Amino acid sequence: MTEQTTGGAGQDVRLTGISKVFGDFTAVQPLDLTIPAGSFFALLGASGCGKTTTLRMIAGLEEPTTGAVLLGDQDVTHLPPYKRPVNTVFQNYALFPHLDIYENVAFGLRRRGIKSVRKQVEDMLELVELGPYARRKPHQLSGGQQQRVAVARALINHPRVLLLDEPLGALDLKLRRQMQLELKRIQTEVGITFVHVTHDQEEAMTMADTIAVMNAGRVEQLGAPAELYENPCSTFVANFLGQSNLLTADVTGKQDGDLLLTVHGHRLAMPTARSSADGTKVLVGIRPEKITIAHADTADTVADSRNRLTGTIADSSFIGVSTQYVVRTAWGQEVAVFEQNMERDARLVPGAEVVLHWNPAHSFGIDAQQDID
Ligand code: ATP
Numbered sequence: 001m002t003e004q005t006t007g008g009a010g011q012d013v014r015l016t017g018i019s020k021v022f023g024d025f026t027a028v029q030p031l032d033l034t035i036p037a038g039s040f041f042a043l044l045g046a047s048g049c050g051k052t053t054t055l056r057m058i059a060g061l062e063e064p065t066t067g068a069v070l071l072g073d074q075d076v077t078h079l080p081p082y083k084r085p086v087n088t089v090f091q092n093y094a095l096f097p098h099l100d101i102y103e104n105v106a107f108g109l110r111r112r113g114i115k116s117v118r119k120q121v122e123d124m125l126e127l128v129e130l131g132p133y134a135r136r137k138p139h140q141l142s143g144g145q146q147q148r149v150a151v152a153r154a155l156i157n158h159p160r161v162l163l164l165d166e167p168l169g170a171l172d173l174k175l176r177r178q179m180q181l182e183l184k185r186i187q188t189e190v191g192i193t194f195v196h197v198t199h200d201q202e203e204a205m206t207m208a209d210t211i212a213v214m215n216a217g218r219v220e221q222l223g224a225p226a227e228l229y230e231n232p233c234s235t236f237v238a239n240f241l242g243q244s245n246l247l248t249a250d251v252t253g254k255q256d257g258d259l260l261l262t263v264h265g266h267r268l269a270m271p272t273a274r275s276s277a278d279g280t281k282v283l284v285g286i287r288p289e290k291i292t293i294a295h296a297d298t299a300d301t302v303a304d305s306r307n308r309l310t311g312t313i314a315d316s317s318f319i320g321v322s323t324q325y326v327v328r329t330a331w332g333q334e335v336a337v338f339e340q341n342m343e344r345d346a347r348l349v350p351g352a353e354v355v356l357h358w359n360p361a362h363s364f365g366i367d368a369q370q371d372i373d
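In the UniProt record's numbering, the protein residues as written are 1 to 373.
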């Protein structure tokens, strides 16, 4: 893909203090956000958290109540959508049903009065791997193919930023996964900035370089997928990005760079990244797949006496890739454990007494007092 075809590199998007109020309802709280040029950025959150409104403010489809939208160095806050170097792909694709794929993709060029469109349209169809489908009508394509036409149609206008509003929402799971990789490939190839709105954490983690997790109109945490998964800042983020076990613990001291804690008499340690003073309470988070599980009779091989909990299997389900256990601790808390490496006849059955163990480095701390019930 040449620079001439894509319109050059992406632009960064800077939102400074933008908010949106509808009547007496604040959909987006004042927000500062920088989306680096050429990155794949995801706005992730549950329905109604304000992600589409944020995207629409970048597109110019919604006027911010306060604040500014900058694309590169240009303040576009008061520019209409068609004067911004952005384009949007919507969930319903919005293809013209009576035009064939070639003409759908050519549409933006023809509207601008460009006569010689063939090379650009063919390049675009090649980019989205739809060359052989040029003369079909949209209804003769699968959902995933229609979605790629919508991307080609948006990219042919040389946007510096492509906005994608739940573009895979209408596809079934298998196709959605394929298209996630496909969109990522296209973004890498054209090198422009993609801002992708989704409520699907797996989708955001598969595609994005950076994710902004939104909750109730504000960004709760911003970071690379692994960073958010391994070190979420709140219970909301911890639970939104996969499953986690959260134990309420008392801080008792520090040792070898770790924070020492107790939970119902069990000694725990965790990295001090978000440390708390002695005597305070903290939530210790452990992802289910980070916990090893062993029958109480065979658990002596676990050397470190810290981060050992005992419990009873309350439930067990084999789901192919792993066995998922629910373990009930002596104080009645349920702890989820995903075990991938257990031989069939070693699987634990409900009622079995077990010992759980994890590496302190694989846990995270959430010390916000409001997160502790
Ligand atoms: P979804 O995934 O369901 O699209 P979202 O996170 O994209 O959700 P938004 O569409 O940004 O959410 O909407 C945020 C909030 O603002 C919602 O409560 C919504 O009802 C409200 N809202 C959006 N547009 C308007 C409008 N034009 N008038 C009044 N309220 C609106």
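Cβ atoms here follow ideal geometry from the backbone N, Cα and C, with glycine treated the same way.
Nothing here was measured: the structure is a model prediction, and the numbers come from that model.
In three-state terms, what does DSSP make of residue i?
i	result
Glu202	helix
Arg153	helix
residue 381	This structure gives no information on residue 381, because the portion of the chain shown stretches from 1 to 373.
Glu334	strand
Met1	Confidence in Met1 is poor, its pLDDT being 41 and thus under 50, which makes the residue's placement unreliable; the coordinate value appears in the next sentence. DSSP places Met1 in coil when its eight states are reduced to three.
Ile291	coil
Val349	coil
Asp250	strand
Gly365	strand
Gln324	strand
Ala27	strand
Ile372	In this predicted model, Ile372 has a pLDDT of only 43, less than 50, meaning its place in the structure is not dependable enough to derive any value.
Thr6	Residue placement at Thr6 cannot be trusted, given a pLDDT of 44 that sits under 50; what the coordinates show is reported in the next sentence. In the structure shown, Thr6 sits in a helix (DSSP, three-state: H, G or I).
Gly67	strand
Phe240	helix
Arg110	helix
Glu62	coil
Thr280	coil
residue 438	Outside the displayed range of the chain (1 to 373) lies residue 438, so it cannot be described from this structure.
His139	helix
Gly131	helix
Glu343	coil
Gly144	helix
Just checking my contact of residue i with residue j at CB under 8 Å: how many whole Å lie between their CB atoms?
i	j	result
Arg306	Pro360	7 Å
Pro271	Gln243	About 20 Å separates the two Cβ atoms, so there is no contact after all.
Thr88	Ala37	Not a contact, Cβ separation roughly 18 Å.
Val117	Arg110	7 Å
Pro64	Lys20	6 Å
Gly285	Leu246	5 Å
Ala330	Lys281	Contact doesn't hold; Cβ gap of about 19 Å is too wide.
From the options, pick the residue whose C-alpha is nearest to that of residue i; which is it?
i	options	result
Pro81	Val355, Val161, Glu343, Glu227	Val161
Ala204	Ala9, Ile35, Phe40, Val21	Phe40
Arg185	Leu155, Glu339, Leu127	Leu127
Thr298	Val263, Val335, Glu353	Glu353
Thr66	Gly45, Thr52, Phe22	Phe22
Gly175	Thr262, Gln147, Thr198	Residue identity differs from the one stated: residue 175 is Leu in this sequence, not Gly. Nearest of Thr262, Gln147, Thr198 to Leu175, Cα basis: Gln147.
Gly320	Val327, Glu343, Ala330, Lys83	Glu343
Gly217	Pro64, Asp24, Thr54	Thr54
Thr198	Gln91, Ile313, Val105	Gln91
Arg328	Ile313, Leu61, Ala226	Ile313
Thr206	Thr248, Gln221, Ala226	Ala226
Asp278	Val355, Glu122, Val251	Val251
Arg347	Tyr133, Thr323, Ile114, Arg84	Thr323
Asp165	Ile35, Leu43, Leu15	Leu43
Gly45	Asp256, Lys119, Gln221	Gln221
Gly144	Ile156, Asp123, Ala170	Ala170
Tyr93	Val105, Arg84, Val86	Val105
Val13	Leu33, Asp24, Gln29	Leu33
residue 378	Val86, Asp100, Val76, Arg177	Here the chain comprises residues numbered 1 to 373, so residue 378 is not present and cannot be evaluated.
Ala208	Val219, Met214, Phe194	Phe194
Tyr325	Gly223, Asp73, Glu339	Glu339
Glu189	Met124, Leu141, Ile211	Met124
Cys49	Thr310, Pro132, Val219, Pro350	Val219
Gly311	Val349, Ile35, Ser234, Asp73	Val349
Ile293	Gly332, Leu283, Trp358	Trp358
Based on the DSSP output, what are the partners of residue i in its beta bridges?
i	result
Pro271	Asp258
Asp165	Val197
Val76	Note: Val76 sits in no beta bridge, so no partner.
Met214	Val219
Phe318	Thr323
Thr310	Val355
Leu43	Val197, Ala212
Leu33	Leu15
His266	Val263
Thr88	Leu163
Asn245	Ile286
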